[in-house]
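Scroll down for the structure; my scribbles are underneath it.
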Amino acid sequence: MTGKQIYDAAIIGAGVVGALTARELTKYNLKVVLLEKESDAAMGASKANSAIVHAGFDAKPGTLKALLNVRGCKLMPSICEDLGVGFKQKNSLVCAFDGEEISKLEELKRRGEANGVSGLGIISGEKLFDSEPDLSREVKAALNAPSAGIVCPYFLTVAAAENAVMNGCDLILSFEVCKIIKKRDYNYISVTDSKKREIKARYIINCAGLYSDNIAEMCGDGEQIKDFEIIPRKGEYFLMDKNAGSPVKNTLFSAPTGKGKGILISPTVDGNLIIGPTAEECEKGDVSTTASGLCEVERKAKRLVPGLNMRRVITSFAGIRATPKNHDFNIVGSENIPGVLHLIGIESPGLASSPAIAEYAVDKLRDMGLKLDLNLNFNSRIIRRRAFRDMSDSERTEAIKQNNLYSRIICRCESVTEAEIVGAVRSLCPAENIDAVKRRVRAGMGRCQGGFCSPRVAEILARELGVYITGVTKHGGESHILTGKTK
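Counting from 1 along the sequence shown, just add 7 to a position and that's the residue number in my numbering.
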């Protein structure tokens, strides 16, 4: 909603941190709006990352990153259960090939223990290879973190946005903020987008990820944030066919470098295998993959697991992380506009930390003067029907009886039905393009990468959205699938 209404809080950016912050704010009697410049939630770093819930041994003790990583890791299982999001506890093994790298493992263990991570231990020999039979025999030891896990980051983001909307939050997509000013004669902050639409709010939470520094500059805080300037860093990945089977049981890391946590190999909650990432500085928006980057991923991954069958790769992709110059999370109030809270430099482990970041941000808003009265009608849970591919035969029969659209398989690779696609389009955080449908129900995520199902998904979208087929896009904007009829 835009116009005369004044919101108590407006969140800029519907990534995982913004969506969970919106949900956290709806636990109170507040008018909340979640703004996103793209056509869907989870369009930035939240849709292209390693999907790891890090245990918290990597961050420097005493930093905000360390505090929120450990807290977020503890919160994640219950958050996912409430939101109907798949989560799996999965050991992290950081592997060392020589004495110098073993020293790094010992340092990480000390860090983790200082941060409050439980169960850390360094394992070697037969114990290590019993847990990972396909691991390279050149690995001498590994740091084991049993409190880590894996989750689907984009589904978590969408689910958090849905739950926020369930509890009264407004969601406005395709709202690209271009101006923020304090209306000094009134008790609100004005946020205007590129289409001259205005949102009025008493508090603004800047969760714009890679563009959070741009939002801060709009507030006149460029000088304030110069010590945590964002350095975009691109990571390239491979994704393997889930039908190939996984040669690893746990999440395997190389020993970290100055650029990050190194190459990892990990199962995903959906049964694929993810491999990557690289870590190269780039321009904002550059999510291209390169031959050199992918070759680096393959080479380093095969050092960990020599038997990796790269013929099982079904796609490659890249994501960008908002690496801050000071290598910590920066959650600070604006020095220029009272009522604005900036969240800048939420890089890895931002996903693992996101539930705790949301809590912390709301606590900061309370300190800034936002009145928080509990919403006694808050509903934390989303009840979901099991995906058709996971149903038993009897469950499928019953689902078809209730809704005949379950009888039509649209995506054969992932066994996604028309009923599930229609449900995604009609949801509280609606899927209005082909990639948005993919993120919710996995249509197009399988071996053929949408080669067979995309035309049918486009037809369903056109029907449900009430547009001609040329109005359907791949990911919003001008990414049209068809432009017109041939003669």
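We treat Cβ as the ideally placed atom computed from N, Cα and C, and that holds for glycine.
Where DSSP assigns a beta bridge to residue i, which residues make up the other side?
i: Gln-12; result: According to DSSP, Gln-12 bridges with nothing at all.
i: Ser-197; result: Ile-188, Lys-207
i: Gln-96; result: Gly-156
i: Pro-274; result: Leu-280
i: Val-320; result: Met-247
i: Val-347; result: Ile-211
i: Cys-102; result: Ala-149, Ser-261
i: Ser-241; result: Checking the displayed sequence, the identity of residue 241 turns out to be Lys instead of Ser. Answer is Glu-287, Ile-327.
i: Asn-122; result: DSSP lists no partner for Asn-122.
i: Leu-489; result: The partner list for Leu-489 (beta bridge, DSSP) is empty, contrary to what the question assumes.
i: Val-339; result: His-349
i: Thr-480; result: His-487
i: Ala-17; result: Val-40, Ile-211
i: Ile-179; result: Leu-42
Quick check on residue i: buried or exposed, where buried means 16 or more other Cβ atoms within 10 Å of its Cβ?
i: Arg-388; result: exposed
i: Tyr-218; result: buried
i: Tyr-413; result: buried
i: Pro-284; result: buried
i: Asn-213; result: buried
i: Arg-328; result: buried
i: Asp-228; result: buried
i: Asn-250; result: exposed
i: Tyr-475; result: exposed
i: Pro-331; result: buried
i: Gly-473; result: exposed
i: Asn-411; result: exposed
i: Met-190; result: Note on identity: in this sequence residue 190 is Lys, with Met being the wrong assignment. So Lys-190 ends up on the exposed side.
i: Pro-356; result: buried
i: Pro-313; result: exposed
i: Ser-110; result: exposed
i: Ser-201; result: exposed
i: Gly-132; result: exposed
i: Asn-505; result: Shown here, the chain extends from 8 to 494; a query on residue 505 therefore has no answer.
Starting from the Cα of residue i, find the closest Cα among the options and give me that residue.
i: Arg-419; options: Gln-456, Asn-410, Ala-438; result: Gln-456
i: Gly-79; options: Asn-36, Asn-151, Asn-56, Val-124; result: Val-124
i: Arg-209; options: Glu-290, Ile-327, Arg-373; result: Arg-373
i: Leu-383; options: Thr-424, Leu-32, Val-429, Lys-54; result: Leu-32
i: Ile-130; options: Arg-118, Pro-153, Asn-122; result: Pro-153
i: Ala-365; options: His-482, Thr-164, Phe-64; result: Thr-164
i: Asp-89; options: Arg-240, Arg-191, Ile-390, Ile-232; result: Ile-390
i: Met-173; options: Leu-41, Ile-211, Leu-271; result: Leu-41
i: Gln-231; options: Asn-122, Ala-262, Ile-344; result: Ile-344
i: Asn-122; options: Pro-140, Pro-68, Gly-132, Gly-93; result: Pro-68
i: Ile-417; options: Glu-43, Lys-116, Ser-99, Val-429; result: Val-429
i: Tyr-193; options: Ser-110, Lys-207, Ser-181, Arg-454; result: Lys-207
i: Ile-157; options: Tyr-475, Val-369, Asn-316, Ile-281; result: Ile-281
i: Ser-486; options: Asp-442, Lys-492, Asp-200; result: Asp-442
i: Tyr-35; options: Ile-18, Gly-292, Leu-472, Leu-381; result: Leu-381
i: Lys-287; options: Ser-299, Val-276, Gly-278; result: A small correction: the amino acid at residue 287 is Glu; Lys does not occupy that position in the sequence shown. Nearest of Ser-299, Val-276, Gly-278 to Glu-287, Cα basis: Ser-299.
i: Arg-415; options: Leu-127, Met-452, Val-60, Cys-460; result: Cys-460
i: Val-347; options: Gly-216, Ala-223, Leu-379; result: Ala-223
i: Met-225; options: Val-198, Lys-203, Met-247; result: Val-198
i: Ser-1; options: Lys-494, Phe-64, Leu-82, Ser-99; result: With the chain covering only 8 through 494, there is no way to say anything about residue 1.
i: Asp-454; options: Ala-394, Ile-86, Arg-319; result: Residue 454 is actually Arg in this sequence, not Asp. Closest by alpha carbon: Arg-319.
i: Val-481; options: Glu-205, Gly-451, Lys-492; result: Looking at the sequence itself, residue 481 is Lys, so the reference to Val does not match. The option with the nearest alpha carbon to Lys-481 is Gly-451.
i: Ala-21; options: Val-60, Glu-120, Lys-44; result: Lys-44
i: Phe-5; options: Ala-215, Pro-160, Ile-196, Ala-368; result: The structure shown does not extend to residue 5, since the chain spans only 8 to 494, so no value can be given for it.
i: Ile-196; options: Met-317, Leu-379, Ile-19; result: Ile-19
i: Phe-4; options: His-61, Glu-236, Arg-392; result: Only positions 8 to 494 of the chain appear in this structure, which leaves residue 4 out of reach.
i: Phe-162; options: Pro-462, Ala-438, Glu-466, Ile-467; result: Ala-438
i: Ile-63; options: Leu-377, Ile-270, Lys-116, Ile-86; result: First, the amino acid is wrong: residue 63 is Gly here, not Ile. Checking every option, the nearest Cα to that of Gly-63 belongs to Lys-116.
I want to see whether chain C comes within less than 9 angstroms of residue i, judged by CB atoms only; does it?
i: Asp-89; result: Here chain C cannot be found, since the structure has a single protein chain.
List, from N- to C-terminal side, the beta strand (DSSP E) runs of 3 residues or more that fit wholly inside the stretch 125 to 154. Under the rule that a run must span 3 or more residues, the beta strand (DSSP E) segments found entirely inside the stretch 125 to 154 read 128 to 131, 148 to 152.
Entirely enclosed alpha helix (DSSP H) segments - the stretch 380 to 454, minimum 4 residues: Given a length threshold of 4 residues, each whole run of the alpha helix (DSSP H) inside the stretch 380 to 454 is given here in chain order: 400 to 409, 425 to 432, 441 to 448.
Stretch pair the stretch 105 to 114 + the stretch 140 to 158: three plus CB contacts closer than 8 angstroms: Enough Cβ pairs lie closer than 8 angstroms, so yes.
The stretch 335 to 346 in contact with the stretch 67 to 74 per 3-pair CB rule at 8 angstroms: At 8 angstroms Cβ cutoff, the stretches touch.
The stretch 12 to 21 touching the stretch 442 to 457, judged by at least three CB pairs closer than 8 angstroms: No, because fewer than three Cβ pairs between the stretch 12 to 21 and the stretch 442 to 457 fall closer than 8 angstroms, the two stretches do not touch.
For the structure I just gave you, are there three or more beta carbon pairs, one from the stretch 317 to 327 and one from the stretch 182 to 202, closer than 8 angstroms? Two segments are said to touch when three or more pairs of C-beta atoms, one from each, lie closer than 8 angstroms; by this definition the stretch 317 to 327 does not touch the stretch 182 to 202.
Per the contact definition of three or more C-beta pairs closer than 8 angstroms, is the stretch 153 to 168 in contact with the stretch 43 to 57? They touch, by the three-pair rule.
Is the stretch 21 to 30 touching the stretch 359 to 379 in the sense that three or more CB pairs, one from each, lie closer than 8 angstroms? Result yes; three or more Cβ-Cβ pairs closer than 8 angstroms.
Note down, one range per segment and in chain order, each beta strand (DSSP E) of at least 3 residues found wholly within the stretch 34 to 94. The stretch 34 to 94 is shown to contain whole beta strand (DSSP E) runs of 3 or more residues at 39 to 42, in chain order.
Is the stretch 398 to 412 touching the stretch 239 to 246, taking contact as three or more C-beta pairs under 8 angstroms? With a cut-off of 8 angstroms, the stretch 239 to 246 and the stretch 398 to 412 do not count as touching, because too few Cβ pairs lie within range.
Below 8 angstroms, can you find three or more Cβ-Cβ pairs linking the stretch 289 to 306 to the stretch 254 to 262? Contact between the stretch 289 to 306 and the stretch 254 to 262 is absent, because fewer than three Cβ pairs lie under 8 angstroms.
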